[in-house]
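Novice: Numbering (full-length UniProt numbering), first residue to last: 1 to 141. Beta carbons are placed, not taken as given, at the ideal position from N, Cα and C, and that holds for glycine.
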Amino acid sequence: MLKALIPFDGSDNALRAVDHLISLVQAREPMEVHLLHVREPIDSWEIRRVLTADEIAALQLSEGEDALQAARQRLDAAGISYTATILVGDVAQTIARHATEIGCDKIIMGSSGASAIAGLLLGSVTMKVIHLAQVPVTVVK
Numbered sequence: 001m002l003k004a005l006i007p008f009d010g011s012d013n014a015l016r017a018v019d020h021l022i023s024l025v026q027a028r029e030p031m032e033v034h035l036l037h038v039r040e041p042i043d044s045w046e047i048r049r050v051l052t053a054d055e056i057a058a059l060q061l062s063e064g065e066d067a068l069q070a071a072r073q074r075l076d077a078a079g080i081s082y083t084a085t086i087l088v089g090d091v092a093q094t095i096a097r098h099a100t101e102i103g104c105d106k107i108i109m110g111s112s113g114a115s116a117i118a119g120l121l122l123g124s125v126t127m128k129v130i131h132l133a134q135v136p137v138t139v140v141k
């Protein structure tokens, strides 16, 4: 069975990547689906002064769960089982490393992220993942 990783940031392009995966699964044999959301580390001194490390970790997890909600709903509605993971780190490096660690055969992701800055940078995270990944990357617009 093919194993696919879907990095998801909540953007419209990321949702289109989920829809693309759903169409692939429905047209072919089942895939082992891994949904991933990566949070940037919180390095702000002001935040670290107010929150403990455990509170920051809980905040990262809560925000990650919120970000994954739309993807979870679409996969659940399509009857596709998946594993969801939330990690903290450099987004592109973490996506590429996680794909290798879990033995993915491919990465399916949106062409640019949720932020306006990401759009201006022409999908810089996507370009970095393409460069760093050891498996094929399908980019969905």
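1) If I'm right that G80 touches V33 with Cβ under 8 Å, what's the distance once you round it to whole angstroms?
2) Are the region 67-83 and the region 11-22 touching, with three or more C-beta to C-beta distances below 8 Å?
3) For the candidate residues V140, L132, T138 and I22, whose alpha-carbon lies nearest to that of D76?
4) Since A133 contacts I107 with CB under 8 Å, what's their CB separation in whole angstroms?
5) Evaluate the contact criterion for the region 42-53 versus the region 22-31: three or more CB pairs, one atom per stretch, below 8 Å.
6) Mind pulling the beta strand (DSSP E) runs of 3 or more residues that sit fully within the UniProt domain "UspA" (3-141)?
7) Report, in whole angstroms, the separation of the C-beta atoms of S111 and V139, which I expect to be a contact under 8 Å.
8) Excluding sequence positions up to five away, which residues of its chain have a Cβ less than 8 Å from the Cβ of E29?
Specialist: By the coordinates alone:
1) Gly is not the amino acid found at residue 80; the sequence shown has Ile there. I80 to V33, Cβ: 6 Å. Contact.
2) yes
3) I22
4) 6 Å
5) no
6) 31-39, 82-88, 106-110 and 137-140
7) 5 Å
8) M1 and L2
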